[in-house]
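Visitor: Residue numbers (this note's numbering), protein chains in the order written: chain A, 35 to 324; chain B, 0 to 347. Cβ coordinates follow ideal geometry from the N, Cα and C atoms, glycine included. Everything numeric in this text was worked out from a predicted model, so none of it was measured.
Next up, the structure:
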């Protein structure tokens, strides 16, 4: 029982990180209709920038957090403006391939800008262990779950009540009509890229806080992918919750079946989800069968 | 003056080659390829071998991505399955190499059936997602199934000996790869001009219209996927023999990206494009290294330390730049050039 609780709790912690990145996928899919295969790499870059700030400027939590968020916004906007906007109106195949090209460029740039060795992000918080009901948990792990829940609530309110949120939903539903209503689609796309970069970047920084930074961190994107599929590609909130589910599943599979299963549990789940409910648990868009 | 290229019968439309000069140049190319192993040094010959092997794989992916318009992000999964099928059959159970090659095609084809059956029912990017998942799952399966695959230790593979001919030497092995490449090229060209190939292209161009014409979308998509996996598996077996050692590390995820880069650079949906793209992409890292080493020895050092990273960066750049500025690839550029040559000084 103790073992089970331990597995579930650490599953929740890593699942919250997957959830944040998965929300990044969903925000972009919801407003631009394309799968951003460079999400994991963008997450990794933000985490590395946070680490650079913590070692060069200041190790203060607030400074690092603000710096990371700001740099994630800039990263998202730059990518949207330089790489994605010229592809506006091109077929989906071409735009998706561009994100794949972007992914490999960002991935390999890590080794040139930083280095290939693992680093720990140490800003004085998040590594102390507290005991809840006999199970040791890091404060960073509690913080990431809390952040995910907070962000879920904030995003729900944003899409439900704010004017920009409604505009984003309008572009997602029908961009031509939205355009006729006076909504600038390019501005909405830019906002979506920035928001997605920030949400996923927060996940990346938390990952660096609890584990380590390394050039293999882009695989977080691949791990978060099943979460988006499970929650629904167009469901931002669903993706966040999907992350928690995937994290728990992965840990249970790793704990009870074998460590090899931990790596592939999420991917196996993708195939099952696509067979049973291809639009995910919370997804709304009806996927056409052929 | 030539006014146009008119076809009067259906046979003329689907003929493999419609002009004598193309026959002539193809024959010259074939002669050059046959002579190449005698002329080239071993360094250049290894590039030729790699081009031929990569070409087989790219032609395989071209059936899926180029003709049928479906993206696969995990073709390296079929490459590694094919390589292991060959290695297990030939090195472990000492079967005839021909059976090994057959297995290298059939095993990935069966795997693709399992992956493709659920995901090809859906419209959109879902095949890209499931194939991506497949390429990671298959690595774990290979590492776990130690009784069959030796796990992480890998299997060493000898160059084959068939019908009294030993393919041990570099030149002989190049001929083997050349044989496979030529067979694959003709197979894909013939698929393209058959009823099946027309169905593939119809699905790519407009699936609703294709369905109205009576094409069974699911069956044909699955057929394209299985064929593609079969050919890619053969390329995997050849690559395994070339490396003389089959392991999970020998087939990194980058190979999937490389294959897609080849198709985009060459021009989607054309066998000629796949060939041109293969040549460019295989030689690109080497050519870049040469150009940079002209400027300074320091750049040369960067290339030797970060070779893998620079390679992937180049592939990414090439993919983005071609999609942005020349979406029809090298084949498109070649067609434009040819039209300009024929019609000059008129635009049309």
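Using the beta-carbon count (16 or more within 10 Å), is residue 307(B) buried or exposed?
Guide: When all chains shown are included, residue 307(B) counts as exposed.
Visitor: State yes or no: is the beta carbon of residue 94(B) nearer than 7 Å to at least one beta carbon in chain A?
Guide: With 7 Å as the cut-off, residue 94(B) does not count as an interface residue toward chain A.
Visitor: Please list, in chain order, all residues of the same chain as residue 289(A) whose beta carbon is under 6 Å from its beta carbon, the five residues on each side excluded.
Guide: Counting only Cβ-Cβ distances below 6 Å, and skipping sequence neighbours, we find 41.
Visitor: Can you give the Cα-Cα distance for residue 307(A) and residue 263(A), rounded to whole angstroms?
Guide: Rounded to whole angstroms, residue 307(A) to residue 263(A) spans 7 Å at the Cα level.
Visitor: In three-state DSSP terms, what is residue 244(B)?
Guide: Residue 244(B): strand per DSSP, three-state reduction.
Visitor: Can you give the Cα-Cα distance for residue 324(A) and residue 312(A), rounded to whole angstroms?
Guide: The predicted position of residue 324(A) is uncertain, since its pLDDT is 47 and thus under 50; a value taken from the coordinates is nonetheless stated next. Using only the alpha carbons, I get a separation of about 13 Å.
Visitor: Closest to residue 66(A) by CA distance: which of 39(A), 125(A), 109(A) is it?
Guide: Residue 125(A) is the option with its Cα nearest to residue 66(A).
Visitor: Counting only beta-carbon atoms, is residue 315(B) nearer than 7 Å to chain A?
Guide: Output row for residue 315(B): interface = yes.
Visitor: Assuming residue 128(A) contacts residue 71(A) under a Cβ cut-off of 8 Å, what Cβ separation, rounded to an integer in Å, is found between them?
Guide: That belief does not hold up - the Cβ atoms of residue 128(A) and residue 71(A) are roughly 13 Å apart, past 8 Å.
Visitor: In chain A, which residues lie with their C-beta within 8 Å of the C-beta of residue 279(B)?
Guide: In chain order: nothing, as chain A lies at least about 15 Å away.
Visitor: Give a yes or no on whether the minimum CB-CB distance between residue 107(B) and chain A is below 7 Å.
Guide: Answer no: the Cβ-Cβ gap between residue 107(B) and chain A never drops below 7 Å.
Visitor: Is residue 282(A) closer than 7 Å to residue 260(A) when the C-beta atoms are compared?
Guide: In this structure, residue 282(A) does not lie closer than 7 Å to residue 260(A) by Cβ.
Visitor: With three or more beta-carbon pairs closer than 8 Å as the criterion, would you say the segment 275-290 of chain B touches the segment 53-69 of chain B?
Guide: Yes, the segment 275-290 of chain B touches the segment 53-69 of chain B.
Visitor: How about residue 166(A) and residue 172(A): do their beta carbons lie closer than 7 Å?
Guide: In this structure, residue 172(A) does not lie closer than 7 Å to residue 166(A) by Cβ.
Visitor: Using C-beta distances below 7 Å, list every residue in its chain close to residue 237(A), excluding the 5 sequence neighbours before and after it, in chain order.
Guide: Result list for residue 237(A): 51, 54, 55, 77, in chain order.
Visitor: Measure the alpha-carbon distance for residue 225(A) versus residue 243(B) and round it to whole angstroms.
Guide: Their Cα atoms are separated by approximately 51 Å.
Visitor: Strictly under 7 Å for the Cβ-Cβ distance: is residue 252(B) near chain A by that measure?
Guide: Taking Cβ atoms only, chain A never reaches closer than 7 Å to residue 252(B), which makes this a no.
Visitor: Taking only three categories from DSSP, how would you classify residue 190(B)?
Guide: Reduced to three states, the DSSP call for residue 190(B) is helix.
Visitor: If you count every other CB in all the chains shown that lies within 10 Å of the CB of residue 248(B), and 16 or more means buried, which is it?
Guide: Classification of residue 248(B): exposed, given that the 10 Å Cβ count is below 16.
Visitor: With respect to the beta strand (DSSP E) encompassing residue 13(B), which residues constitute its N-terminal and C-terminal limits?
Guide: Run containing residue 13(B): none in the beta strand (DSSP E); it sits in the alpha helix (DSSP H), 9-13.
Visitor: Report yes or no: is there a C-beta of chain A within less than 7 Å of the C-beta of residue 341(B)?
Guide: Taking Cβ atoms only, chain A never reaches closer than 7 Å to residue 341(B), which makes this a no.
Visitor: By the 10 Å Cβ neighbour count, where 16 or more other Cβ atoms means buried, how is residue 166(B) classified, buried or exposed?
Guide: Label assigned to residue 166(B): buried.
Visitor: Please determine if the segment 227-234 of chain A and the segment 102-118 of chain A are in contact, where contact requires at least 3 C-beta pairs separated by less than 8 Å.
Guide: The segment 227-234 of chain A, when compared against the segment 102-118 of chain A, does touch it at the 8 Å Cβ threshold.
Visitor: Within 10 Å of its beta-carbon, does residue 108(B) have 16 or more other beta-carbons around it, so buried, or fewer, so exposed?
Guide: Counting Cβ neighbours within 10 Å, residue 108(B) comes out buried, since at least 16 surround it.
Visitor: Hey, does residue 70(A) have any beta-carbon neighbour from chain B nearer than 7 Å?
Guide: No, residue 70(A) does not count as interfacial toward chain B.
Visitor: With 7 Å as the threshold, decide whether the Cβ of residue 215(A) is near any Cβ in chain B.
Guide: No, no contact with chain B.
Visitor: Can you tell me where the beta strand (DSSP E) with residue 169(A) in it begins and where it stops?
Guide: 169-172 is the span of the beta strand (DSSP E), which, as asked, contains residue 169(A).
Visitor: Helix, strand or coil for residue 165(B)? Go by DSSP, reduced to three states.
Guide: Reduced to three states, the DSSP call for residue 165(B) is strand.
Visitor: If you draw a straight line from the C-alpha of residue 134(B) to the C-alpha of residue 45(A), how long is it?
Guide: Taking the straight line from one Cα to the other gives about 24 Å.
Visitor: Determine whether the beta carbon atoms of residue 252(B) and residue 66(B) lie at a separation below 7 Å.
Guide: Contact: no.
Visitor: Using 10 angstroms around the beta-carbon of residue 341(B), count the other beta-carbons present and answer buried if the total reaches 16, otherwise exposed.
Guide: Counting Cβ neighbours within 10 Å, residue 341(B) comes out exposed, since fewer than 16 surround it.
Visitor: Taking C-alpha atoms, which residue in 328(B), 345(B), 184(B), 173(B) lies nearest to residue 45(B)?
Guide: Out of 328(B), 345(B), 184(B), 173(B), 173(B) has the C-alpha closest to the C-alpha of residue 45(B).
Visitor: In or out: residue 112(A) buried (at least 16 other Cβ within 10 Å) or exposed?
Guide: Its Cβ having fewer than 16 others within 10 Å, residue 112(A) is exposed.
Visitor: Say whether chain B places a C-beta atom closer than 7 Å to the C-beta of residue 120(A).
Guide: Yes, its Cβ sits closer than 7 Å to a Cβ of chain B.
Visitor: Please state the DSSP three-state secondary structure of residue 240(A).
Guide: In the structure shown, residue 240(A) sits in a helix (DSSP, three-state: H, G or I).
Visitor: Going by Cα to Cα distance, which pick from 338(B), 223(B), 176(B), 76(B) is closest to residue 203(B)?
Guide: Measuring from the Cα of residue 203(B), the nearest candidate turns out to be 223(B).
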